[in-house]
Each structure stands twice: as structure tokens, then as C-alpha cells.
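Asks: Below you'll find the structure I mean.
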Amino acid sequence: MKIPLEAIRNFCVIAHIDHGKSTLADRFLELTGTVSKREMKNQLLDQMDLERERGITIKLQPVHMRYRAKDSREYFLNLIDTPGHVDFSYEVSRTLAAVEGAILLVDASQGIEAQTLSHLYLALEQDLEIIPVINKIDLPNADVAKVSADLVKLLGVEPNDIIPVSAKTGKNVDLILERVIKTIPAPRQAKSDSPCSLIFDSIYDEYRGVVAYIRLFAGEIKAGDKIRFLQTGREAEVLEVGIFKPTLEKRDFLNAGQIGYIVTSLKEVSQCHVGDTIVRAALPYPEPLPGYKKVKPMVFAGLYSKDGAEYSKLREAVEKLKLNDAAFVFEPENFPALGFGFRAGFLGLLHLEIVQERLQREYGIDLVVMAPTVAYRVKKRYLAEMISVRSPQELPEPAEIESIEEPWLKLDIVSPSAYIGPILKLIQSSHGEYKVMEYLDPERVVVHSQVPLASVILDFYDRLKSATRGYASMNYEFFDYRPADLIKLDILVAGEVVEPLTTIVRESEAYAQGRLAVENLKKVLPKQLFEVKIQAAISGKIIAASRLAPLRKDVTAKLYGGDVTRKRKLLDKQKKGKKRMKETGRVDIPPGAFLSLLRRK
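Using the numbering used here, read the sequence shown as starting at 12 and increasing by one per residue.
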């Protein structure tokens, strides 16, 4: 059945983390009869076990719904549920390019948060129609009047334009769908009938290959069509097309304005890029659709399998994971202590943590993750060239370096005004710069600042929650590179430099970081039969050191009386053996040692 454009509405739900997006989506599915009561369960659109356990949305998820409105007409609604955490904001940006409107969801008890503002600005840049909704009005501490006043000030809307709902009980949810039909425009009629669609996500099917999630902007597409991917120039045959219910449901064809999927028959994941344009191979090619800004990873870490023989399994897993995670990048690297692995790039620590868990759960890989670092820019003294350094091992010798620049972030913190003092102190201790303060109301404030990325990725969020008793939220984006006094801190175990433990630190903090690294390593390294030196060094100069006492075996335990010289002979032999082992012995570094450097006092 061909669906007329005027009956289609494409929209998404955007909000801060834990404001009820997935619960609201559940009510939409019930209200429209898309899912039967027997099949219904909480967070239905969160398909991954990891999403259900953590209570957060990680991947965007589309669903097709049919709804008969109060005007007795039937409408076809395409909803895309989006993540709320800052590390997955690229999922939101991809969604916004495939829809005409967005529901802005705000918690009635928590109010406007950092990611609320961030996602709203992304939607306004795309010129989308915004529907403001206040959720959780059934909570005892809900303050609908106050949050409504904040939204009126933020969006410039009338109070009557804001819909108060309870996604948990379903109260007023039908009003949202009626507003979607009334205010969100239908897809625009394309100038050309030549099929043209945008890839906004994709998954890999073991048996059918790459499945692309698309928004069709013009023409029709059906099974058997020959298609071309404009970015790569690759051609393929469409094996199947369909819609999301929310599982994949086959259709005879898709027409303009629809959101659906294409089974592409591609077996190489690198041939299907998110943001690419798909066209009909035999027809004249239209101009490529506006894609997405290429996402730049902000945090880098080494990924290795504990069993070196599983390298090929790890390589296959990261290639498949890359398919539906546009921000995840990787390249091969090798360390003698760990074997072959990958230097991988992420948007933040939560992104790294999710990728780590997915590799372990979905692909059964016993993973070792090295300490994360950021990408620095280094200007070499003699060649006058600027190089990118993503790991300490790539940092040139000090004599070759003219200057080093580190990435800085624009950091926005939304918090009760009572915690302004601790927040400013935290920014200062993180080598950041406070810029300006903006009051949302007399009790809530947005603190705008600029902070080095290296100070944010490890434990800034934890320290912010501690300083504000959990009330603050934050959002950040890359701002610029700035000069920094940085040096490489080497860690030596038994006289040998352990390259995976090498880090880049501020020169003013080198001694303290070196001492902390040595003490942390001393706690996690297993004792040997010989004394082990643990040292921190800069350019070969030892700045901190400790010793791991040897295991003491009682070699005289079997002696009962007799000449004392026999006992002395055995002890002397043991002493010589320990000395020889100290000179030639090697220490195996356990996986926990690589994460010990992240612990700060």
C-alpha cells in the first residue's frame, strides 16, 4: 500500500538521561496498538540487555505506528527513540536529520538539565518543530508550574502549548499524538521522482549481511532494485525492504517520506557508511543528501584480548561493532607485553565502557583495556610540522618538541545555585577557566566554562556529583586546542620500561602522579621470589620509586639440629639465587595494573 505524504509524520523524542523517553515510547506503542498487551514490556524499544540493565538508551530505535486521530483520519507515525547521555549525542544528531519534528521531554521534578539544552539546540539547528512536554507529573515532588515557566522562558512559547503528562500512568499521552499530527509538518514533496534515501543507522545480520536504516526522501524502493552508495560508489541488490514494528517487518516497497530498512546484501561492513545517500543505480544520480559531520573521537584506549590467540576474533568483533557505531574508530597496534590489539577512539568514558561490555557479552572476548588518553597536537622543532599524538608511545623525545597543544572543551554545568562555590573550585582544580553564569530561575544556574579534555575524561563527573550531592548535570563539546606543558611519564618494573603503563602528564603534576602510580602498582603487582623495583621516570631520570619485597621461602625448614654451617650454606645459596634472579628475572604485569593508574586520591 502506498502511503500518501500528508498522512505521514516523522518525529523523535529528545531529553536528558532518565527523563522518561523510553517509557513514553512504551505508552505510544500501547495507545496505537502497535504491540499487543501480551507482548508489551517495559522499555520495549531498548533492544540490548545492556540498555535494560543500566536503564539508559544507548542506540536509537525507530518504530512505525498507525493511529486514528480524533478527526477520524488514519495517520502513519514514525517515531525514533534517542539516547540522552552526552556520549551518545551523535545518535541524536543522526536522528534529527531523518525527521520533521521533536518532542522535548522534561522531568517535572528535575527540570531543565544540561543535555536538555544540548539536544534542543541540535533540533533548532535542523529547523524542527518542537513540542514541549513535561513528564512525571504524578511524582510527589513534581513542580509543574516552575518547570513550565522555565520552558516558556527557554522556548518563548505560551504556557498552554506545554503538555503535562505521566508516561508511567499514560495520563495525557494521547494529547501528544494529537499535537504531533496537528503541528509537525508532513514530509515535503521531492522535486525529483528518482529514489533517494539517507542512511541514519545500520546493523549487521550474520545471514543477510548489512541492513541499512533509511529515510526515503524521494521515489520508491523495492526488493530486486539495483542501488548505489554515493560515498563509496559500491553497487548492490536490494534483497528486502520493510518497516519497524519495532522488529523488522517485510513490505513490498517503501515510498517517499517513509522510514524503514533495506537488506543490502553487502558482506563488508566498511561499504555502508552512516550519512551516505542511496540512489537507484540505473538512473541519473541526484545530489547527495546533507550527511552528518564526521564524529571525532575524544578519548583513546588500547583494546587487547587476554588470550593472544583470540586476536582474529577481536578484529572481527570490532569491525562488526563499528558498523552501527559511527563514533567508534580503531587501528591495529602491538605491544610485546600484550601482543596484537587495537588503538580505539571513543567519545567519552561511558562510550568506552559500553563498547568494552558489548565486546565481552556479544562476542565472548576476555578483554584488557589500557588506560585512556586524549589526542594531542605536537609541533616538531626541526621539521616544523604538526603531528597528532594519540598515545604516549607516539610522543617524540623532548629535544624534538617545539610545542604541545591539548584539546579543550566547552563545559556547561546545570546545578542548584547553592553549589556554585564547589563547582567553581572543581573547575579551578581541573585547570579550567570559568566564563559566565546564567540563571534559569532563582534556584537553578548554568555555569559556562572551558576545561582541558584530559581533566574531564577520568573522574570529573564523579567529582561533580560528589560536590553537588548528585544534583548537577553536565554537557560538553570540543572547543579548541591550546598550548600545554606536558611530558611523558615512564613506569619501570624490574628495571624495564612497561610501555602500556606510560602516560602523558602535566609537568607541574609529574612528581605527584609518579608517586601515585608507583604506590598503586605496588598494591596490584604479585610478589616474586626476588625483590622488584617499581619506578617512575621522566627522560630517564627517576622521580619516584618503591620496592616490592620478595617472597621468603624457608629453605632450612627440613633441618633438625646438626651443624649450623649446613643452615648457613643453604641461606647463602638462596641469597645468591635471589641476586641472580633479580638481574635476569621478568615480571608478568596483570591486567588490573593498567587500570590502577586511573585511581586518584
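The C-beta atom is built at its ideal place from N, Cα and C for all residues, glycine as well. Computed from a predicted model, the values in this text were never measured in an experiment.
Ends of the beta strand (DSSP E) at P463?
Replies: Element bounds for P463: R455 to P463.
Asks: Contact between the segment 323-334 and the segment 390-400 is defined here as three or more beta-carbon pairs at a separation below 8 angstroms; is this criterion met?
Replies: Output reads no: the segment 390-400 does not touch the segment 323-334.
Asks: Give the straight-line distance between the Cα atoms of G66 and K179, rounded to the nearest whole angstrom.
Replies: For G66, the predicted model reports a pLDDT of 48, less than 50, meaning its position is unreliable and no value from the coordinates is stated.
Asks: Which residue's Cα is closest to the Cα of Q137: I91, V285, A108 and L394?
Replies: For the residues I91, V285, A108 and L394, the minimum Cα distance to Q137 belongs to A108.
Asks: Report the CB separation of K534 from S557 in whole angstroms; it is logged as a contact under 8 angstroms.
Replies: That belief does not hold up - the Cβ atoms of K534 and S557 are roughly 10 angstroms apart, past 8 angstroms.
Asks: Could you tell me the boundaries of the beta strand (DSSP E) in which H75 lies?
Replies: Run containing H75: Q72 to R79, per the beta strand (DSSP E) assignment.
Asks: Apart from the five residues on each side of it in sequence, which residues of its chain come closer than 7 angstroms, Cβ to Cβ, to L349?
Replies: Only Y315, V379 and P511 meet the Cβ criterion.
Asks: Please state the DSSP three-state secondary structure of I553.
Replies: Reduced to three states, the DSSP call for I553 is strand.
Asks: Measure the C-alpha to C-alpha separation of L88 and E189 and round it to an integer number of angstroms.
Replies: In a straight line, the C-alpha of L88 is about 11 angstroms away from that of E189.
Asks: Can you check the segment 144-210 for any alpha helix (DSSP H) of at least 4 residues that lies completely inside it and give the ranges in chain order?
Replies: Counting only runs of 4 or more, we get 155-166 and 184-194.
Asks: Distance, Cα to Cα, L358 vs P308?
Replies: Rounded to whole angstroms, L358 to P308 spans 5 angstroms at the Cα level.
Asks: When you compare only the Cα positions, how much space is there between H27 and R455?
Replies: Approximately 16 angstroms, taken between the alpha carbons.
Asks: Residue range of the alpha helix (DSSP H) that P433 falls in?
Replies: Where P433 is concerned, the enclosing alpha helix (DSSP H) stretches over I431 to S440.
Asks: Tell me which residue opens and which closes the alpha helix (DSSP H) that S426 is part of.
Replies: Taken as a continuous stretch (DSSP letters only), S426 belongs to no alpha helix (DSSP H), being part of the beta strand (DSSP E) at I412 to P427.
Asks: Is it a yes or a no for the segment 210-217 touching the segment 166-185, going by three-plus beta-carbon pairs under 8 angstroms?
Replies: Contact fails: fewer than three Cβ-Cβ distances are below 8 angstroms.
Asks: Can you tell me where the alpha helix (DSSP H) holding T34 begins and where it ends?
Replies: It spans K32 to L42 - the alpha helix (DSSP H) in which T34 sits, taken as one unbroken run.
Asks: Going by DSSP in three states, P561 sits in which element: helix, strand or coil?
Replies: Residue state, collapsed to three classes: coil.
Asks: Between the beta-carbon of R20 and the beta-carbon of I195, is there less than 8 angstroms?
Replies: Contact flag set, yes.
Asks: Please work out which residues of its chain come closer than 8 angstroms, Cβ to Cβ, to V163, disregarding the five sequence neighbours upstream and downstream, and give them in chain order.
Replies: Within the same chain, V163 has close Cβ partners E169, P170 and I173.
Asks: I'd like to know if the segment 451-469 and the segment 426-434 are in contact, where contact means that at least 3 CB-CB pairs between them fall below 8 angstroms.
Replies: Counting Cβ pairs under 8 angstroms, three or more are found: they touch.
Asks: Using C-beta distances below 6 angstroms, list every residue in its chain close to V462, excluding the 5 sequence neighbours before and after it, in chain order.
Replies: L420, L422, S441 and G443, listed in sequence order.
Asks: Helix, strand or coil for A386? Go by DSSP, reduced to three states.
Replies: Coil at A386, not helix or strand.
Asks: Between P15, L464, V249 and Y132, which has its C-alpha nearest K233's C-alpha?
Replies: For K233, the nearest C-alpha among the options comes from V249.
Asks: Relative to the C-alpha of I498, which residue among K446, E416, A483 and T479 is closest?
Replies: Checking every option, the nearest Cα to that of I498 belongs to E416.
Asks: Just to confirm the assignment: which complete beta strand (DSSP E) runs, minimum length 3, are found wholly within the segment 307-355?
Replies: Segments of the beta strand (DSSP E) lying fully in the segment 307-355: 310-316 and 340-346.
Asks: Grab me the residues of D263's own chain with a C-beta within less than 7 angstroms of its C-beta, minus the 5 sequence neighbours each way, in chain order.
Replies: Closer than 7 angstroms at the Cβ level, and outside the excluded window around D263, lie K233.
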